[in-house]
């Protein structure tokens, strides 16, 4: 099957960083030409998304690309930075 919409719910959450990179590359190929919704706590999973929505109990708090959200220095920026500080994300230049 070749569905026009793909939904990924924590698709790489149980993987180590190296395995995540391999799976993520495959998922990006599968997502080409499709609308893809990715639910993720691991922010490297969504870094290359065309639109990122940051959800809280209030609903959509932020919307933008990774770069736009990092420049905004809001919720996404603080979450991404805290993961990077924990060494669970590669440095910004590698991610």
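Residue numbers (this note's numbering): 1348 to 1442. Beta carbons: idealized from backbone N, C-alpha and C, even for Gly.
Same chain, Cβ closer than 8 Å to residue 1362, neighbours up to 5 away in sequence not counted: Numbered from its first residue, the chain shown carries residue 1362 at position 15. Result list for residue 1362: 1370, in chain order.
DSSP state of residue 1440, grouped into three classes? Looking up residue 1440 in the chain shown gives position 93. The predicted model places residue 1440 with a pLDDT of 47, which falls under 50 and marks its position as unreliable; any figure quoted below should be read in that light. Note: residue 1440 maps to coil in three-state DSSP.
Test item: CB-CB of residue 1417 and residue 1430 under 9 Å: Start at 1 with the first residue of the chain shown, and residue 1417 comes out as number 70. Start at 1 with the first residue of the chain shown, and residue 1430 comes out as number 83. Going by C-beta atoms, residue 1417 is not nearer than 9 Å to residue 1430.
What's the call for residue 1310, buried or exposed, on a 16-neighbour Cβ count within 10 Å? Any answer about residue 1310 is impossible in this case: the structure gives the chain only from 1348 up to 1442.
At least 3 beta-carbon pairs within less than 8 Å: the region 1350 to 1359 vs the region 1368 to 1385: yes
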